[in-house]
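Colleague: Below is one structure. I have some questions about it.
2 protein chains.
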Amino acid sequence: MIRFAALALCAALLAPAAHAGSQEAPCCATGDLGLIVERASGSLLVVDQSERAAIGRIEGLGDLSHASLVYSPDERFAFVFGRDGGLTKVDILTQKITGRVMQAGNSIGGAISDDGTLIAVANYEPGGVRVFDAGTLEMVADIPTGSKTIGLVDAPDRRFVFTLWDAGETWIADFSGDAPKITKVPGIGKNPYDALIAADGRTYIAGLFGEDGLTALDLWDETPEPRRILPGYGKGREGLPVYKMPHLEGWALAGEEFVLPAVGQHEVLWVDARDLTETARTKTHGQPVFAMSRPGGRQVWVNFAHPLNDTIQVIDTRSHEVIHELTPGPAVLHMEFTARGTEVWVSVRDADRVDIYDAATFEKIGEIAAKSPSGIFFTARAHRMGL
Amino acid sequence: MIRFAALALCAALLAPAAHAGSQEAPCCATGDLGLIVERASGSLLVVDQSERAAIGRIEGLGDLSHASLVYSPDERFAFVFGRDGGLTKVDILTQKITGRVMQAGNSIGGAISDDGTLIAVANYEPGGVRVFDAGTLEMVADIPTGSKTIGLVDAPDRRFVFTLWDAGETWIADFSGDAPKITKVPGIGKNPYDALIAADGRTYIAGLFGEDGLTALDLWDETPEPRRILPGYGKGREGLPVYKMPHLEGWALAGEEFVLPAVGQHEVLWVDARDLTETARTKTHGQPVFAMSRPGGRQVWVNFAHPLNDTIQVIDTRSHEVIHELTPGPAVLHMEFTARGTEVWVSVRDADRVDIYDAATFEKIGEIAAKSPSGIFFTARAHRMGL
Chain A
-7 MIRFAALALC
3 AALLAPAAHA
13 GSQEAPCCAT
23 GDLGLIVERA
33 SGSLLVVDQS
43 ERAAIGRIEG
53 LGDLSHASLV
63 YSPDERFAFV
73 FGRDGGLTKV
83 DILTQKITGR
93 VMQAGNSIGG
103 AISDDGTLIA
113 VANYEPGGVR
123 VFDAGTLEMV
133 ADIPTGSKTI
143 GLVDAPDRRF
153 VFTLWDAGET
163 WIADFSGDAP
173 KITKVPGIGK
183 NPYDALIAAD
193 GRTYIAGLFG
203 EDGLTALDLW
213 DETPEPRRIL
223 PGYGKGREGL
233 PVYKMPHLEG
243 WALAGEEFVL
253 PAVGQHEVLW
263 VDARDLTETA
273 RTKTHGQPVF
283 AMSRPGGRQV
293 WVNFAHPLND
303 TIQVIDTRSH
313 EVIHELTPGP
323 AVLHMEFTAR
333 GTEVWVSVRD
343 ADRVDIYDAA
353 TFEKIGEIAA
363 KSPSGIFFTA
373 RAHRMGL
Chain B
-7 MIRFAALALC
3 AALLAPAAHA
13 GSQEAPCCAT
23 GDLGLIVERA
33 SGSLLVVDQS
43 ERAAIGRIEG
53 LGDLSHASLV
63 YSPDERFAFV
73 FGRDGGLTKV
83 DILTQKITGR
93 VMQAGNSIGG
103 AISDDGTLIA
113 VANYEPGGVR
123 VFDAGTLEMV
133 ADIPTGSKTI
143 GLVDAPDRRF
153 VFTLWDAGET
163 WIADFSGDAP
173 KITKVPGIGK
183 NPYDALIAAD
193 GRTYIAGLFG
203 EDGLTALDLW
213 DETPEPRRIL
223 PGYGKGREGL
233 PVYKMPHLEG
243 WALAGEEFVL
253 PAVGQHEVLW
263 VDARDLTETA
273 RTKTHGQPVF
283 AMSRPGGRQV
293 WVNFAHPLND
303 TIQVIDTRSH
313 EVIHELTPGP
323 AVLHMEFTAR
333 GTEVWVSVRD
343 ADRVDIYDAA
353 TFEKIGEIAA
363 KSPSGIFFTA
373 RAHRMGL
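Written as structure tokens, this is what we have:
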């Protein structure tokens, strides 16, 4: 009773200080926390993985219909990139917005530098990349490209890599010196629409919309040379609008292969991770959207595009065969594994729910109410490249 | 002034509750914290990576002359395995010991299950593995092996894998069902002295002291078959006591190869990560102890055995050439990279110091006083297999 009164008194005494922008925050280890985008309400649901429960909500983030986020190295802050050009910094411990800038018009995607000091945001309007101080959100660099800019990722040694839809070039912006240094790599191909970086920060791959195939760059090279790979990839795209092309973060390393959604077909491709040639295909329930490797790579979990988007299939990495099918509910938008692969959390947008599955047994072990959930982002991403 | 008084009052009011074992703890994001073993004083130094500073010390952990630790999934707790058989649970936020058992005699090494619920500890005396509940430290399983037990690691799906020096067998203990299930794999070889698991949790490799070579197991197989690899490995061991054999956590994946300390020679070996055959060797300053891949794999940092243990060499992964040499000071025992490879922290035991280097420029950017530091463990390990 005395302790309760003490806590209440402390809350009252400290509250004015908290509103004045102090650093006080509830005690929390951050290693098992996460944020889930609630795409229709401009909010983030704060979750605790160990509790399998929501622990709060952060509101006021604007248009999150296509949003992603990255974490600071200490896991305390998330930088949220909204479709409307909003860049919002949130504190996962106080569950508050600590900074927000409207940094451009139509915008998609961002990244944090490996040392956690810079935030880069790509935009379609006016076209380019802007770089902000992660502490203050002050803009420190503006890189106009004259082109819709896609495929922005972080790379080792304080670099950002991004690609120009119109010009078919990839630019490498190096912030390790006193002034930013830009290396331009032409010849990426016709209308690159998305790109990814492999988990080791070495191979950058851009998908092409204007022609078949993808283009790979080895970022260990001083001046990377574009290399065409998977020449048949994209054959299924005739008549597809560009927003129906597969997300390239759908690539996943599983065993000795990458797995990649096929284009306009109900298949995933298996690709040798060393020479980037196709090795096999697996027929799937629908057009794959995300093919995500369970940590350890033993299985790959795949979700699908509308209208077959109530289903997930699990594919065995060695046999390449579908070994399980789940039907969580209407509009399965995203999946996120716990860092060591024990569970997978699934956004079921039109059921206002996030389902939790045991990744080994496929048993459903929990669910959390959420408002039109889309992307799920666990704090362990703070320690990975390209995420 | 009022806020300071409020905080002081809160500390006074809450203090009795804290001593009574409450959950209150100072606010702290845990993503950039770490623990450094102080091997001569039975203590752990608590460090903050972003601050590049010590923030506390935890004492009373007994004999830490050969100690390692693992983290809970939320990063809040560390489980410390001491040479004297002590298993100590510490809370990194309150900087206190929350549990401690003397679980055996002479003991070395432990692991945490992928779901964070079980702690396994190997021991030489009486010989075997004991498994404890991570919450309460109550023993839940006792697996006598009749042999000095080495190479204990966690593997996906709630398994532990360990090897028997005397019998030349590897046992896989599966805790995913109601009762533990043990699979014994004979024919590992003569006197396996250490083992490791690759970062994807798939390949387990035991080093042999009684003969040349190592033995690999593919843990994706229902019943793994031992496979001999690197038949020349160990030729340099004649006359070497077993404790001078290389640490097998010295293996590191860099690009498409593993890098491994040679035995009794001043070299590291490069090993193709796919077929586990030797591809190259690099001559080094001394007998390598740890060869650690910088996250991303671009370079490998190597430290050395006494008496050449004041030096570190940096080897380029692509050229296999030594590109830099540093001399931090007397008795460089351990190196730990920040999770995305921006910095490397180095224990300099006989200078009572931990040095911090920029991993890209090799510039020294900080140092922290520490008492006979050895192992450095950052919280990001919570999210990795086999660590």
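Residue numbers (the numbering used here), protein chains in the order written: chain A, -7 to 379; chain B, -7 to 379. We treat Cβ as the ideally placed atom computed from N, Cα and C, and that holds for glycine. The model shown is predicted, which means the values in this text are computed figures rather than measured ones.
Which residues, in chain order, does the stretch 273 to 285 of chain A contribute to contact with chain B at a C-beta distance below 8 Å?
Modeller: Result list empty, no residue passes.
Colleague: Using a Cβ-Cβ cutoff of less than 8 Å, which residues in the same chain neighbour A:A12 once the five nearest sequence positions on both sides are dropped?
Modeller: Indexing the first sequence from 1 puts residue 12 of chain A at position 20. Low confidence applies to A:A12: its pLDDT is 36, below 50, so where it sits in the model is not reliable enough to give any reading.
Colleague: For A:K140, does the three-state DSSP call read helix, strand or coil?
Modeller: Translated into positions along the first sequence, residue 140 of chain A becomes position 148. Coil, per DSSP.
Colleague: Hey, A:T175 and A:W157 are a contact pair by Cβ (cut 8 Å); roughly how many whole angstroms apart?
Modeller: On the first sequence, position 183 is the one that residue 175 of chain A refers to. On the first sequence, position 165 is the one that residue 157 of chain A refers to. Between A:W157 and A:T175 the Cβ distance is about 19 Å, and since that is not below 8 Å, they are no contact.
Colleague: Since A:K363 and A:A32 are thought to touch, with beta carbons under 8 Å apart, how far apart are those beta carbons, to the nearest angstrom?
Modeller: Indexing the first sequence from 1 puts residue 363 of chain A at position 371. Indexing the first sequence from 1 puts residue 32 of chain A at position 40. At roughly 6 Å, the Cβ-Cβ gap stays under 8 Å, so A:K363 and A:A32 are in contact.
Colleague: Note down the Cα distance separating B:E335 from A:T319, rounded to an integer number of angstroms.
Modeller: Along the second sequence, one-based indexing puts residue 335 of chain B at 343. Along the first sequence, one-based indexing puts residue 319 of chain A at 327. Rounded to the nearest angstrom, the two C-alpha atoms are 44 Å apart.
Colleague: Return the residues of the stretch 145 to 177 of chain A that lie within a Cβ-Cβ distance of less than 7 Å from chain B, sorted by chain order.
Modeller: From the stretch 145 to 177 of chain A, only P148, D149 and S168 have a Cβ closer than 7 Å to chain B.
Colleague: Within 9 Å (strictly less), CB to CB, does A:Y349 reach chain B?
Modeller: Taking the first sequence and counting its residues from 1, the one referred to as residue 349 of chain A is at position 357. So, not an interface residue.
Colleague: Quick check: what's the CA-CA separation for A:G333 versus B:V93?
Modeller: The residue you call residue 333 of chain A lines up with position 341 of the first sequence. The residue you call residue 93 of chain B lines up with position 101 of the second sequence. Each residue's Cα considered, the two are about 29 Å apart.
Colleague: Excluding the 5 residues preceding and the 5 following A:T22 in the sequence, name in chain order all residues of the same chain whose CB lies nearer than 8 Å to its CB.
Modeller: Counted from its first residue, the first sequence places residue 22 of chain A at position 30. Same-chain partners within the cutoff: D66, E67, R68, I84, L85 and T371.
Colleague: Cβ of A:I47 less than 9 Å from any chain B Cβ?
Modeller: The count along the first sequence starts at 1 and reaches residue 47 of chain A at position 55. Answer no: the Cβ-Cβ gap between A:I47 and chain B never drops below 9 Å.
Colleague: In chain order, what residues of the same chain lie with their CB nearer than 6 Å to the CB of B:T137, ignoring the 5 residues before and after it?
Modeller: Along the second sequence, one-based indexing puts residue 137 of chain B at 145. Answer for B:T137: G119, G120 and L156, listed in chain order.
Colleague: From B:G247, B:Y185 and B:T276, pick the residue whose C-alpha is nearest to that of B:P233; which is it?
Modeller: As a first step, residue 233 of chain B must be located in the second sequence, where it is residue number 241. For B:P233, the nearest C-alpha among the options comes from B:Y185.
Colleague: Can you tell me which of the three DSSP states B:K363 falls into?
Modeller: Within the second sequence, the letter at position 371 stands for residue 363 of chain B. Of the three classes helix, strand and coil, the one that applies to B:K363 here is coil, per DSSP.
Colleague: Select from B:L110, B:E214 and B:D210 the residue whose C-alpha is nearest the C-alpha of B:R220.
Modeller: Residue mapping note: residue 220 of chain B aligns to position 228 of the second sequence, counting from 1. Checked all of B:L110, B:E214 and B:D210; the closest Cα to B:R220 is B:D210.
Colleague: Run through DSSP, which three-state label would B:S14 get?
Modeller: Along the second sequence, read from residue 1 onward, the residue named residue 14 of chain B stands at position 22. Confidence at B:S14 is low in this model, with a pLDDT of 39, below 50, so the placement of that residue is unreliable and no value is reported for it.
Colleague: Quick check: what's the CA-CA separation for B:A198 versus B:G358?
Modeller: By one-based count along the second sequence, residue 198 of chain B stands at place 206. By one-based count along the second sequence, residue 358 of chain B stands at place 366. Distance between the alpha carbons of B:A198 and B:G358: 37 Å.
Colleague: CB-CB under 6 Å to A:D125, same chain, minus the five flanking residues each way: which ones, in chain order?
Modeller: By 1-based counting over the first sequence, the position of residue 125 of chain A is 133. Only V132 meet the Cβ criterion.
Colleague: Under the rule that 16 or more other beta-carbon atoms within 10 Å means buried, what is B:K275, buried or exposed?
Modeller: Mapped onto the second sequence, residue 275 of chain B falls at position 283. Answer is exposed; the Cβ neighbour count stays below 16.
Colleague: Given a cut-off of 9 Å, decide if A:I89 and A:V62 are closer than it, judged by their beta-carbon atoms.
Modeller: Position 70 of the first sequence, counted from the first residue, corresponds to residue 62 of chain A. Position 97 of the first sequence, counted from the first residue, corresponds to residue 89 of chain A. It is not a contact, given that the beta carbons lie outside the stated cut-off.
Colleague: According to the Cβ coordinates, are B:A171 and B:F152 closer than 9 Å?
Modeller: Position 179 of the second sequence holds residue 171 of chain B. Position 160 of the second sequence holds residue 152 of chain B. No; because the gap between Cβ atoms is not below 9 Å, this pair is not in contact.
Colleague: Any beta carbon from chain B within less than 9 Å of A:I383's own beta carbon?
Modeller: Look at the range of chain A in this structure, -7 to 379, and you will see that residue 383 of chain A is not part of it.
Colleague: Please give the ranges of any beta strand (DSSP E) in the stretch 89 to 159 of chain A, keeping only runs that are unbroken, at least 3 residues long and fully inside the region.
Modeller: Listed in chain order, they are 99 to 104, 110 to 115, 120 to 125, 131 to 136, 141 to 147 and 151 to 156.
Colleague: Tell me whether A:L240 sits in a helix, a strand or coil according to DSSP, three-state version.
Modeller: As a working note, residue 240 of chain A is residue 248 in the first sequence. Three-state DSSP puts A:L240 in a helix.
Colleague: Could you give the DSSP three-state label for B:Y235: helix, strand or coil?
Modeller: The sequence position of residue 235 of chain B within the second sequence is 243, counting from 1. Helix at B:Y235.
Colleague: What are the boundary residues of the beta strand (DSSP E) that A:D66 is part of?
Modeller: Residue 66 of chain A sits at position 74 when you count from the first residue of the first sequence. That residue, A:D66, is in no beta strand (DSSP E); it is neither H nor E in DSSP.
Colleague: Report the residues of the stretch 63 to 89 of chain A with a CB closer than 7 Å to any CB of chain B, ordered along the chain.
Modeller: Answer set for the stretch 63 to 89 of chain A: P65, D66, E67, R68 and L85.
Colleague: Just the C-alpha distance for B:F71 and A:R373, rounded to the nearest angstrom, thanks.
Modeller: Reading the second sequence from its first residue, position 79 is the one you call residue 71 of chain B. Reading the first sequence from its first residue, position 381 is the one you call residue 373 of chain A. For B:F71 and A:R373, the distance between alpha carbons rounds to 23 Å.
Colleague: Ignore the nearest five residues each way along the sequence and tell me which others in B:E317's own chain have a CB closer than 6 Å to its CB.
Modeller: Taking the second sequence and counting its residues from 1, one reaches residue 317 of chain B at position 325. Here the set comprises Q305.
Colleague: A:A374 by DSSP, collapsed to three states: which one?
Modeller: Counting from one through the first sequence, the residue named residue 374 of chain A turns up at place 382. It is helical.
Colleague: Going straight from the alpha carbon of A:V324 to that of A:T353, what length do you get?
Modeller: In the first sequence, the residue the question calls residue 324 of chain A occupies position 332. In the first sequence, the residue the question calls residue 353 of chain A occupies position 361. Each residue's Cα considered, the two are about 20 Å apart.
Colleague: Give me the Cα-Cα distance between A:V113 and A:S57, rounded to the nearest whole angstrom.
Modeller: In the first sequence, the residue the question calls residue 113 of chain A occupies position 121. In the first sequence, the residue the question calls residue 57 of chain A occupies position 65. A:V113 and A:S57: Cα-Cα distance of roughly 16 Å.
Colleague: Let's see if you can read the secondary structure: which residues bound the beta strand (DSSP E) around B:A272?
Modeller: Against the second sequence, residue 272 of chain B aligns to sequence position 280. Its beta strand (DSSP E) spans residues E270 to K275.
Colleague: Of the residues A:D308, A:I47 and A:E203, which one's Cα is nearest the Cα of A:T237?
Modeller: Within the first sequence, numbered from 1, the residue matching residue 237 of chain A stands at position 245. In the sequence as presented, Thr is not what sits at residue 237 of chain A; that position holds Met. Of the candidates A:D308, A:I47 and A:E203, the one whose C-alpha sits nearest the C-alpha of A:M237 is A:E203.
Colleague: Is there contact between the stretch 263 to 279 of chain B and the stretch 297 to 313 of chain B, where contact requires at least three CB pairs shorter than 8 Å?
Modeller: Cβ pair count under 8 Å is three or more, so yes.
Colleague: Using a beta-carbon distance below 9 Å, is B:M377 in contact with chain A?
Modeller: Counting from one through the second sequence, the residue named residue 377 of chain B turns up at place 385. Judged by the 9 Å Cβ criterion, B:M377 is in contact with chain A.
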